[in-house]
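Here the structure comes first, spelled out in structure tokens, and everything after it is commentary.
Number of protein chains: 2
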Amino acid sequence: MRHGGDLISYGGCYGGSTRDFSSNINPLGYPERLGKAILGGMENLKTYPDIKYRRLKSAVSSYLGCKQEEVVVGNGAVEILHCFSMLFSRVIVCTPCFSEYIEQPLILGKEVVKLSLNQNFGISMEALGETIQEGDLLILGNPNNPTGRRLKKKLLLEIHSLIVERNAFLLLDEAFWEFCTAEDGYDSIELLRSSRNVCIIRAATKFFALPGIRLGYAFTHEDMALKYDSIALPWSVNAFAEIAGTVILSDDDYIARSRRYMEQQRNLLLGELRSIKKLIAYDTDCNFILLKLLKGNENELFDFLIQRGIMIRKASGFDGLDSSFVRIAVKSEEDNRYLVKCMGEYFRYGQSCLPCNL
Amino acid sequence: MRHGGDLISYGGCYGGSTRDFSSNINPLGYPERLGKAILGGMENLKTYPDIKYRRLKSAVSSYLGCKQEEVVVGNGAVEILHCFSMLFSRVIVCTPCFSEYIEQPLILGKEVVKLSLNQNFGISMEALGETIQEGDLLILGNPNNPTGRRLKKKLLLEIHSLIVERNAFLLLDEAFWEFCTAEDGYDSIELLRSSRNVCIIRAATKFFALPGIRLGYAFTHEDMALKYDSIALPWSVNAFAEIAGTVILSDDDYIARSRRYMEQQRNLLLGELRSIKKLIAYDTDCNFILLKLLKGNENELFDFLIQRGIMIRKASGFDGLDSSFVRIAVKSEEDNRYLVKCMGEYFRYGQSCLPCNL
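Residue numbers (this note's numbering), protein chains in the order written: chain Y, 4 to 361; chain E, 4 to 361.
Shown next, in the form of structure tokens:
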């Protein structure tokens, strides 16, 4: 299982009733104003999307606080990963991380060097220092998936200095950025605005609850943006994603509401999970939580929960994690409570306990 | 100008009034039933598209008359071109052809060998025979863009035999297939169904008038389909394109109506254009026509027409064509008549003739 969200393979269906804790989507759903915009945009299907994405890039640049020329767009964040992988011959990643940081360069025949995060899922500056060479691409999740941890501002600046010193390039995947807590709050685009060695990916998928629409965007130096546009697929962002980008990013009320809701639910859920024995719930900066099971394994827990209409993310597929790890999203209060109840049953009574509704 | 359809760069706007003869889209617009399906599909945005595209592939396989396991899908035909370019180290094309047959492999660092079509835009079997080696990918448009010509059945079979004999691979881009005239009518999927050395691309973009939705699909051997799925971007087909695929391909009435309309308009337009002196209008099998100007050049004609609200495709950007060529789409009867009227003025009075509405 390379990715979460595959409800169809597990008895769910479109709009089915399985509660999907395996993909990390804002439980509030997408901004309401999008519906009307899509309806109004049916006409746009008849023409190609703007091959230069002028309106979209203008909306993204306002949102990110950068120049339009510093924006690149893609068919989800993953296409931006793919294109940057094309531009470099060696890629460095720190595992565990999102599988596509490894898959995309490998598919393109590039060399991938995997450094391990330490026991607390922290990055070793020493290992980076020993590894990074001129022309390398370092890909880091910020916050990182599946660990949920964001780089401290000081560490990010140290890593960036190393990258500049070595004449390498840093690709920060910040697809979960908007979910981050204010503590140690910084905006990496603000921080690294003048750098020629950085690209910072953001996306509509997670925070704006639009995994189906396929909209990714990123900040980078305008010279790199030109290079990117020369290799990206033409029209890779569809007409509806183009419309969405011009509508959702200015919905300040939705953004504020979502951040408040997530912070509240994350704290509630973390508290409840930590009251369960035989389970470690790691600290997280965003909308998902990595769990270590001190009893059973991912398969047993997955099967137990899927029978109760809950899908979680097995985590042994992540390089560097074994079958004692699972990842769960923070969802609505009702869903979270139900998850905690079922998890409690698993750890109290074990997998032989039958679901009440069977 | 690598592609047509860039209305925004030329004073047009979303839904603006410029008549776009530069992109080859069905003038009847997309099937009506799509509107309702999109509305009903707003819920689908909240979840990832099916990572295996089961429902979509099932609909495509019914339409193409092949097995579901023989279908691959992509973010428009161009993503399928991109993925196949990844799988081969040397690519052979016959110019003039769609620019992405050359661009995609080059972007990926592959070698591209360009063979020239002969004066009548025909393929030389001799040149192919001298060139194709084991492991090569031959990409052919069928019908070919910008020439509009389809391979004769006999020639296609000869080319395929050569491909098999050399242990190479044939990628047929049939994005315009549905527009083809019945004369020498054959279905290449039916013809090459049992081959392990072929992929045949089709797409929703042109015939179903959906350039904005980004849906491409293709037939290939199921072993190749597995290989393709292992390298294609995850979720590269968005949720609306997924819905569209399950709705439009079974609209037999729309398909029949569009084919009739196109055949009629193409014949009318060809006849009218051929009555203009100093202009060669080449035979075409589909919904666009390549023109050779015997007076002036593409820039003069483009500027003349854009002042009259018409955008055509300059063709010197195609390898092997010079500035005496332009390409035009076949559009609605009214648009076609207006084009012919304006073209007539250009050739009669020259570029100094001012548009009536200035």
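Just so it is clear, CB atoms sit at the ideal spot from N, CA and C, and this is done for glycine as well.
This one's a predicted model, so the numbers in the text were calculated from it and none came from an experiment.
If I measure Cβ to Cβ from residue i and keep anything under 6 Å in the same chain, skipping five residues before and after, which residues do I get?
| i | result |
| --- | --- |
| PHE328(Y) | LYS295, ALA318 |
| GLY18(Y) | Interpretation of GLY18(Y) is limited by its pLDDT of 43, a score under 50 that renders its predicted location unreliable; no figure is taken from the coordinates. |
| LYS344(E) | none |
| CYS16(E) | The predicted position of CYS16(E) is uncertain, since its pLDDT is 41 and thus under 50; a value taken from the coordinates is nonetheless stated next. Within the same chain, CYS16(E) has no close Cβ partners at all. |
| SER335(Y) | PRO30 |
| GLY32(Y) | ALA212 |
| ASP139(E) | ARG93, ILE95, ALA171 |
| PHE91(E) | LEU140 |
For the alpha helix (DSSP H) containing residue i, list its first residue and its last residue.
| i | result |
| --- | --- |
| TYR264(Y) | 255 to 277 |
| CYS86(Y) | 80 to 90 |
| LEU131(E) | 128 to 134 |
| LYS344(Y) | 336 to 352 |
| PHE24(E) | Neither: PHE24(E) is in no alpha helix (DSSP H) and is coded neither H nor E. |
| VAL63(E) | 57 to 67 |
| PHE307(Y) | 301 to 309 |
| VAL167(E) | 156 to 169 |
| TYR104(E) | 103 to 110 |
| CYS250(E) | The residue you asked about is not Cys; residue 250(E) is Val in the sequence shown. Run containing VAL250(E): 242 to 251, per the alpha helix (DSSP H) assignment. |
| LYS39(E) | 36 to 43 |
| TYR231(E) | 225 to 234 |
| LEU195(E) | Per DSSP, LEU195(E) belongs to no alpha helix (DSSP H) and is neither H nor E. |
Assuming residue i and residue j make a contact with CB atoms under 8 Å, what is their CB distance in whole Å?
| i | j | result |
| --- | --- | --- |
| ALA365(Y) | VAL250(Y) | A question about residue 365(Y) goes unanswered here, because the residues of chain Y that appear run from 4 up to 361. |
| ILE145(E) | ASP176(E) | The question names Ile, but residue 145(E) in the sequence shown is Asn. That belief holds up - the Cβ atoms of ASN145(E) and ASP176(E) are roughly 7 Å apart, short of 8 Å. |
| ARG269(Y) | VAL333(Y) | 5 Å |
| GLU181(Y) | ARG262(Y) | 7 Å |
| GLY68(E) | GLU193(E) | 7 Å |
| ARG153(Y) | CYS202(Y) | Rounded, the Cβ-Cβ distance is 17 Å, inconsistent with contact. |
| LEU141(Y) | ALA171(Y) | 6 Å |
| ILE234(Y) | LYS49(E) | Going by Cβ atoms, the distance from ILE234(Y) to LYS49(E) rounds to 31 Å, so no, they are not a contact pair. |
| GLY44(E) | PHE179(E) | Actually they are not in contact, since the Cβ atoms of GLY44(E) and PHE179(E) sit about 27 Å apart, beyond 8 Å. |
| ALA284(E) | LEU273(E) | 6 Å |
| ARG36(E) | ASP254(E) | 6 Å |
| ILE313(E) | LEU342(E) | 6 Å |
| GLY7(E) | ARG316(E) | 4 Å |
Name the two residues that bound the continuous beta strand (DSSP E) containing residue i.
| i | result |
| --- | --- |
| VAL116(E) | 114 to 119 |
| LEU143(Y) | 140 to 144 |
| ARG205(Y) | 201 to 206 |
| LEU174(E) | 172 to 176 |
| THR98(Y) | 93 to 98 |
| VAL74(Y) | 74 to 77 |
| ALA318(Y) | Looking at the DSSP string, ALA318(Y) is not in any beta strand (DSSP E), and its letter there is neither H nor E. |
| ILE11(E) | No beta strand (DSSP E) holds ILE11(E); DSSP gives it neither H nor E. |
| ILE283(Y) | 282 to 284 |
If I measure Cβ to Cβ from residue i and keep anything under 7 Å in the same chain, skipping five residues before and after, which residues do I get?
| i | result |
| --- | --- |
| GLN71(Y) | LYS60, SER61, SER64 |
| ILE83(Y) | VAL75, GLY77, ILE204, GLY219, ALA221 |
| SER355(E) | none |
| ILE11(Y) | none |
Whose CA, out of the options, lies closest to the CA of residue i?
| i | options | result |
| --- | --- | --- |
| PRO237(E) | ALA212(E), GLY219(E), GLY274(E), GLY77(E) | GLY77(E) |
| LEU120(E) | LEU271(E), PRO149(E), SER12(E) | PRO149(E) |
| ARG340(E) | PHE24(E), ASN241(E), ILE83(E), GLU137(E) | PHE24(E) |
| VAL94(Y) | ASN123(Y), ILE83(Y), ILE135(Y), GLY68(Y) | ILE135(Y) |
| MET265(E) | ASP254(E), GLN107(E), ARG36(E), ILE292(E) | ILE292(E) |
| PHE87(Y) | ILE166(Y), LEU213(Y), LYS113(Y), LYS157(Y) | LYS113(Y) |
| PRO214(E) | ILE105(Y), VAL240(Y), ILE283(Y), LEU154(Y) | VAL240(Y) |
| ASP190(E) | LYS157(E), ILE166(E), PHE172(E), LYS209(E) | LYS157(E) |
| GLU73(E) | TYR352(E), SER127(E), ALA228(E) | ALA228(E) |
| GLY151(E) | PHE101(E), LEU271(E), ASN300(E), ALA130(E) | PHE101(E) |
| ILE258(E) | LYS281(E), ALA206(E), PHE211(E) | PHE211(E) |
| CYS97(E) | PHE305(E), LEU174(E), LYS281(E) | LEU174(E) |
| GLU133(Y) | GLY248(Y), LEU165(Y), GLU337(Y) | LEU165(Y) |
| SER127(Y) | ILE309(Y), LYS281(Y), ILE162(Y) | ILE162(Y) |
| GLU103(Y) | GLY353(Y), GLY320(Y), ASP338(Y) | GLY320(Y) |
| THR21(E) | ARG351(E), TYR349(E), PHE305(E) | PHE305(E) |
| GLY353(Y) | ASN302(Y), ASP322(Y), GLN107(Y) | ASN302(Y) |
Near residue i, which residues of its chain fall below 8 Å by C-beta distance, leaving aside the five closest residues on each side in sequence?
| i | result |
| --- | --- |
| ILE279(Y) | VAL343, MET346, GLY347, PHE350 |
Closer than 9 Å, Cβ to Cβ, to anything on chain B: give me those residues from the stretch 30 to 55 of chain E, in chain order.
Absent here is chain B; the protein component of the structure consists of chains Y and E.
Going along the chain, which residues of the stretch 63 to 87 of chain Y sit with their C-beta nearer than 7 Å to a C-beta in chain E?
ASN78, GLY79, VAL81, GLU82, HIS85
Closer than 9 Å between beta carbons: that is the criterion. Which residues of the stretch 241 to 260 of chain Y meet it against chain E?
For the stretch 241 to 260 of chain Y, which is checked against every Cβ of chain E, the residues closer than 9 Å are ASN241, ALA242, PHE243, ALA244, GLU245, ALA247.
Under 9 Å (Cβ pairs) to chain E, residues found in the stretch 106 to 139 of chain Y
GLU106, GLN107, ILE110, LEU111, GLY112
Can you give me, in chain order, the residues of the stretch 203 to 224 of chain Y that have a beta carbon less than 8 Å from any beta carbon in chain E?
ALA212, LEU213, PRO214, GLY215, ILE216, ARG217
Of the residues that make up the stretch 174 to 185 of chain E, which ones have a beta carbon closer than 9 Å to any beta carbon in chain Y?
none
Relative to chain E, which residues along the stretch 284 to 314 of chain Y have a C-beta separation below 7 Å, given in chain order?
Against chain E - using a Cβ distance shorter than 7 Å - the stretch 284 to 314 of chain Y contributes no residues.
Contact list for the stretch 327 to 361 of chain E against chain Y, Cβ threshold 8 Å:
none
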